[in-house]
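To keep things clear, I will list the structure first and then write my remarks on it.
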Amino acid sequence: LQKSRVTVVGSGNWGSVAAKLIASNTLNINSFHDEVRMWVFEETLPSGEKLSEVINRTNENVKYLPGIKLPKNVVADPDIEHAVKDANMLVFVTPHQFMEGICKRLIGKIRKDAVAISLIKGMEVKKEGPCMISTLISEILGISCCVLMGANIANEIAVEKFSEATVGYRENKEIAEKWVRLFNTPYFMVSAVQDVEGVELCGTLKNVVALAAGFVDGLDMGNNTKAAIMRIGLREMKALSKLLFPSVKDNTFFESCGVADLITTCLGGRNRRCADAFARNGGKRSFDELEEEMLQGQKLQGVSTAKEVYEVLSHRGWLELFPLFSTVHEICSGRLAPSAIVEYTEHSARLP
Ligand code: NAD
Ligand code: 13P
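Here my numbering is used: the first residue of the sequence shown is 186, the next is one more, and so on.
Next comes the structure, spelled out in structure tokens:
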């Protein structure tokens with residue numbers, strides 16, 4: 186039996202935790218090769234050392250996951266072509282805005298029998314309409330791509346606190362089960378559903394709702410208002426997902442990728458935290474500034490996703506159907522004050 190070889194493309198906060206989860210399983214499951222390669226977008230640390238060298242010397246991603254030891258079988262590799270060349274299982278986990286460029290660099294560089302999974306929450310907008318990241322990977326690289334999404338704040342999984350996740354797959358249940366075996370641990374319980382678009386749209390759209398929840402926190406509106414925003418947000422997530430992909434299943438919204446991810450991100454995510462600060466500053470400091478100051482190199486996904494969703498809605502003439510999504514973008518881009526989140530979304534509560 187040929188053992189599968191896994192490469193993780195990305196090494197941020199979630200990327201490093203994903204490598205930790207996977208590497209603990211490849212050591213124990215015979216059908217996987219022990220070593221897990223992790224591509225590192227190379228940078229020089231203030232000490233003058235290269236990040237990938239420090240990861241390999243200390244088994245710690247000192248910049249994006251400080252204080253957590255990675256298993257010794259995680260090997261950081263700054264050369265992306267070298268990192269992917271032997272792998273037949275590719276795990277993509279970078280901020281979504283970098284994926285198109287990364288995929289283009291990988292054309293012709295990966296194994297013919299490779300399969301992929303995307304842990305990335307976001308989308309691209311093309312002339313033809315929205316393009317989910319798993320579709321981008323599939324189309325550019327000509328390989329099948331599942332997704333893994335869920336209520337998964339990386340720092341909590343890093344210290345092995347229990348959580349759940351959802352794998353979304355298109356047709357091939359066997360491949361989905363292989364991904365479940367690769368990720369599942371006693372503290373990370375993974376299940377698979379045949380609804381790749383539903384799972385990916387949940388993970389993507391909840392980041393827009395998390396910004397709205399952060400605005401409400403920054404305005405000190407209290408728990409009931411925040412819960413209302415989350416309910417209306419979930420309703421918009423479901424409505425937009427089904428308009429874009431009629432095959433999306435209702436049940437997907439009750440999986441970890443749906444309501445559970447929405448709750449955890451609106452309580453403890455980075456999008457929420459930066460939106461809270463944005464509203465407390467009355468919208469006077471930009472998200473770019475706040476991201477740089479508060480996240481130290483980590484990236485927000487919600488602000489660009491809100492813009493991408495807005496483009497799709499305006500192009501299709503759906504802006505009025507999605508007052509929460511539209512208002513979040515108008516606040517982020519400075520056209521409306523943060524307080525508009527409540528004023529404008531109230532209309533939505535009255536929509537049928
Ligand atoms: P991150 O935000 O912690 O880190 C940013 C990463 O981007 C770093 O690895 C950095 O080296 C890299 N980078 C910077 N510039 C780059 C460039 N030009 N090209 C390529 N890479 C570049 O990353 P993350 O938390 O691992 O997030 C990756 C994806 O996972 C996102 O879509 C996010 O929504 C999703 N996710 C994150 C969490 C979480 O808790 N962190 C949980 C679930 C899903
Ligand atoms: P943030 O990017 O807002 O931290 O969300 C993390 C996440 O997706 C948890 O599942």
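Using N, Cα and C, we set each Cβ at its ideal position, and we do this for glycine too.
This structure is a prediction, so every number in the text was calculated from the model and none was measured.
Backbone secondary structure at residue i - three-state DSSP
{"i": "Phe217", "result": "strand"}
{"i": "Ile302", "result": "strand"}
{"i": "Ala343", "result": "helix"}
{"i": "Gly453", "result": "helix"}
{"i": "Ser524", "result": "coil"}
{"i": "Met317", "result": "strand"}
{"i": "Met406", "result": "coil"}
{"i": "Ser232", "result": "coil"}
{"i": "Lys311", "result": "strand"}
{"i": "Tyr529", "result": "helix"}
C-alpha gap between residue i and residue j, whole angstroms
{"i": "Tyr249", "j": "Ser201", "result": "8 Å"}
{"i": "Ile295", "j": "Thr490", "result": "29 Å"}
{"i": "Arg290", "j": "Val269", "result": "11 Å"}
{"i": "Leu485", "j": "Val259", "result": "26 Å"}
{"i": "Arg465", "j": "Leu404", "result": "7 Å"}
{"i": "Ile287", "j": "Asp380", "result": "25 Å"}
{"i": "Ser323", "j": "Met284", "result": "12 Å"}
{"i": "Phe430", "j": "Val497", "result": "13 Å"}
{"i": "Met406", "j": "Ile414", "result": "11 Å"}
{"i": "Ser216", "j": "Met274", "result": "12 Å"}
{"i": "Glu234", "j": "Glu477", "result": "21 Å"}
{"i": "Thr449", "j": "Lys311", "result": "30 Å"}
{"i": "Val488", "j": "Cys517", "result": "7 Å"}
{"i": "Arg366", "j": "Ser196", "result": "21 Å"}
{"i": "Glu345", "j": "Asn408", "result": "28 Å"}
{"i": "Ile253", "j": "Leu480", "result": "18 Å"}
{"i": "Cys368", "j": "Thr211", "result": "It should be noted that the sequence gives Phe, not Cys, for residue 368. So the alpha carbons of these two residues sit roughly 9 Å apart."}
{"i": "Asn456", "j": "Leu390", "result": "12 Å"}
{"i": "Lys565", "j": "Lys188", "result": "In this structure the chain extends from 186 to 537, so residue 565 is not present and cannot be described."}
{"i": "Ala398", "j": "Leu186", "result": "50 Å"}
{"i": "Val394", "j": "Val384", "result": "16 Å"}
Contact belief for residue i with residue j at Cβ below 8 Å, rounded distance in angstroms
{"i": "Ala350", "j": "Leu326", "result": "About 23 Å separates the two Cβ atoms, so there is no contact after all."}
{"i": "Val278", "j": "Ile318", "result": "About 10 Å; that fails the 8 Å criterion."}
{"i": "Ala339", "j": "Leu396", "result": "That belief does not hold up - the Cβ atoms of Ala339 and Leu396 are roughly 19 Å apart, past 8 Å."}
Identified DSSP bridge partners for residue i
{"i": "Cys331", "result": "Ile302"}
{"i": "Trp224", "result": "Val194, Asp262"}
{"i": "Ala350", "result": "Val375"}
{"i": "Thr370", "result": "Phe373"}
{"i": "Phe277", "result": "Val194, Ser303"}
{"i": "Ser189", "result": "Phe217"}
Candidates the options, of which the one nearest residue i by Cα
{"i": "Glu266", "options": "Asp435, Trp224, Glu362, Ile526", "result": "Trp224"}
{"i": "Arg458", "options": "Met406, Phe510, Asp402", "result": "Asp402"}
{"i": "Tyr372", "options": "Phe463, Lys235, Ser319, Phe347", "result": "Phe347"}
{"i": "Lys297", "options": "Ser329, Phe277, Phe438, Thr229", "result": "Ser329"}
{"i": "Val191", "options": "Ile214, His218, Asn198", "result": "His218"}
{"i": "Asn436", "options": "Ala377, Asn392, Gly197", "result": "Ala377"}
{"i": "Pro280", "options": "Asn198, Gly443, Val527, Ile214", "result": "Asn198"}
{"i": "Gln282", "options": "Cys316, Val276, Val300, Asp271", "result": "Cys316"}
Residue-level contact to chain B via CB, residue i, 8 Å cutoff
{"i": "Ala462", "result": "Chain labels in this structure do not include chain B; a single protein chain is all it has."}
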